[in-house]
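One structure is given below, encoded as structure tokens.
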Amino acid sequence: MAFWAGGSPSVVDYFPSEDFYRCGYCKNESGSRSNGMWAHSMTVQDYQDLIDRGWRRSGKYVYKPVMNQTCCPQYTIRCRPLQFQPSKSHKKVLKKMLKFLAKGEVPKGSCEDEPMDSTMDDAVAGDFALINKLDIQCDLKTLSDDIKESLESEGKNSKKEEPQELLQSQDFVGEKLGSGEPSHSVKVHTVPKPGKGADLSKPPCRKAKEIRKERKRLKLMQQNPAGELEGFQAQGHPPSLFPPKAKSNQPKSLEDLIFESLPENASHKLEVRVVRSSPPSSQFKATLLESYQVYKRYQMVIHKNPPDTPTESQFTRFLCSSPLEAETPPNGPDCGYGSFHQQYWLDGKIIAVGVIDILPNCVSSVYLYYDPDYSFLSLGVYSALREIAFTRQLHEKTSQLSYYYMGFYIHSCPKMKYKGQYRPSDLLCPETYVWVPIEQCLPSLENSKYCRFNQDPEAGMFGAELSWKSLALFL
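Below you can see the structure in the form of structure tokens.
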């Protein structure tokens, strides 16, 4: 059958759900159920309408879980990139990449990677308990290194026994953090011995910079006895020499963190290329074999596949074939709409590939695979942040393209919960097909796997029916 939208047809074969089958999340042998269709061709607008009704593609197969029957309900999740602010853990990943590119610095110990390897629906992503544990360990290591560096610089002219007291205090900090108690700031003090340190009977020494400022201020006041100086504060307060500076505590944007300038002698060079995968561009064809080898190694090491799988044809069918028709309207993004591979090139070789669809309203993340030798760079997290930044870039020209879809969110599957960390984000109500902020959905999901998120009792299925009736059906 074919769905007509605009001038071009979407041609699909529909396969209604008849049986239950094995679930890839909870491993229930007969718990999963979904409807599906084989899409021979599909317009990007039709697919946009479908994913806004809970559908999802894998290669050319487009499917929708039967939400109130399947063992692990899968809710479509989208992030709002225009309001996105990276979290503390996101910033760590970006800084880790910058340090690696600038200095070749490789993280040591168990903090080398975050347990998230893909934004795909069946990705193996680790669990929250491990993430929290790694966060605490990374925080402790960073704080420990900072204190140690401070002690080394301050104690160069001191005797050996003095830093020992400081290191003992540092050990106490480690015990405090290890216990899970919050520690916002830590000050380490030593008691000066007689004859050493500052004389407490005298006023504290002032920095030379402060003294110079004070002298200049007095000189200007003598020249302007009326106090008519630009930048002076209101009457009743001590005058200020310079106008108040703008606050520098504004958080850095995602782009500031990603594209921070590197030194000319940087150890590594990272380049991100977007190549059209369907129909395959010349750049895609030229790099297909190298891309496949990265995927094959990823499957062997990360997912423990045997060396003879997947084959190149399986790789092509799963991650390269797409039903989406390429479209390049004048008011669309420069690269056009359709299916693409976002390739991450490090020093001239591919180390990761993000499979994405660029649609009228969103960038939809399909899959990510990477070279396991670079697991320490947390490429799953890094690529998601790059894709969010890419969505923001596309939005500058195409204003309606303003969302980043991350596939399905499964609250009952710990390995999938990481998707909820990209805030603000919304879940799709499975009954009314309206988007609801994830914070409002989580309490309901704690009580039941399947939930209606829209609390409006008057809302029904009209939106979904209208969407399907707007498409002409040909048998």
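If you count the sequence shown from 1, position 335 lands on 335 in full-length UniProt numbering, and the numbers rise without skipping. Yeah, the Cβ is synthetic: ideal placement off N, Cα and C, and Gly gets one too.
Length of the line joining the Cα atoms of residue i and residue j
i           : j      : result
Ala125      : Ala352 : Confidence at Ala125 is low in this model, with a pLDDT of 30, below 50, so its placement is unreliable and the value that follows should be read with caution. Approximately 17 Å, taken between the alpha carbons.
Lys269      : Met406 : 28 Å
Cys451      : Glu439 : 14 Å
Lys88       : Leu379 : 16 Å
Pro306      : Ser58  : 22 Å
Phe20       : Asn28  : 10 Å
Leu289      : Pro263 : 33 Å
Leu445      : Tyr422 : 18 Å
Cys71       : Gly31  : 5 Å
Asn68       : Val12  : 25 Å
Val363      : Gln83  : 15 Å
Ser8        : Lys103 : 51 Å
Lys108      : Leu101 : 16 Å
Leu346      : Glu271 : 7 Å
residue 479 : Lys96  : Residue coverage of the chain in this structure runs from 1 to 475, which leaves residue 479 outside it and unanswerable.
Pro360      : Arg212 : 60 Å
Glu458      : Leu98  : 51 Å
Pro280      : Ser448 : 43 Å
Under 8 Å between C-beta atoms of residue i and residue j
i      : j      : result
Thr398 : Pro330 : no
Ser321 : Ser278 : yes
His341 : Ser402 : no
Leu428 : Thr43  : no
Arg78  : Trp435 : yes
Pro310 : Gln293 : no
Tyr25  : Leu324 : no
Phe376 : Val106 : yes
Ser383 : Asp357 : no
Tyr433 : Arg53  : yes
Tyr367 : Val355 : yes
Val62  : Ala39  : yes
Proximity test, residue i beta-carbon vs the ligand GDP heavy atom, cut-off 7 Å
i     : result
Gln85 : As presented, the structure is devoid of all ligands, the ligand GDP included, so that no description of it is given.
Residue i - DSSP class collapsed to helix/strand/coil
i      : result
Arg80  : coil
His341 : strand
Met37  : strand
Glu458 : coil
Tyr422 : coil
Gly380 : helix
Ile438 : helix
Ser412 : coil
Glu327 : strand
Cys362 : strand
Ser313 : helix
Ala352 : strand
Val11  : strand
Lys160 : Confidence is the limiting factor: at Lys160 the pLDDT is only 40, short of 50, which leaves the residue's position unreliable and the question unanswerable from this model.
Lys64  : strand
Asp46  : helix
Same chain, Cβ closer than 7 Å to residue i, neighbours up to 5 away in sequence not counted
i      : result
Leu257 : Pro86, Lys91 and Leu94
Pro251 : Gln85
Gly336 : Ala326, Glu327 and Thr328
Ala389 : Leu254, Glu255 and Ile258
Neighbour flag for residue i against chain C, beta carbons, 8 Å
i      : result
Thr398 : The chain labelled as chain C is not found in the depicted structure, where only one protein chain is given.
Other residues of its chain near residue i: CB distance less than 6 Å, five sequence neighbours each side excluded
i      : result
Thr391 : Pro81, Val363 and Tyr404
Gln283 : Val275
Tyr374 : Ile351
Sequence-distant residues of its chain with Cβ nearer than 8 Å to residue i (five each side left out)
i      : result
Tyr295 : Pro310, Phe315, Leu319, Val353 and Tyr369
Arg273 : Gln283, Gln342, Gln343 and Trp345
(message) For a minimum of 4 consecutive residues, which ranges assigned as the alpha helix (DSSP H) are wholly contained in the segment 249-304?
(response) Entirely contained in the segment 249-304, the alpha helix (DSSP H) runs reaching 4 residues are, in chain order, 254-258 and 282-302.
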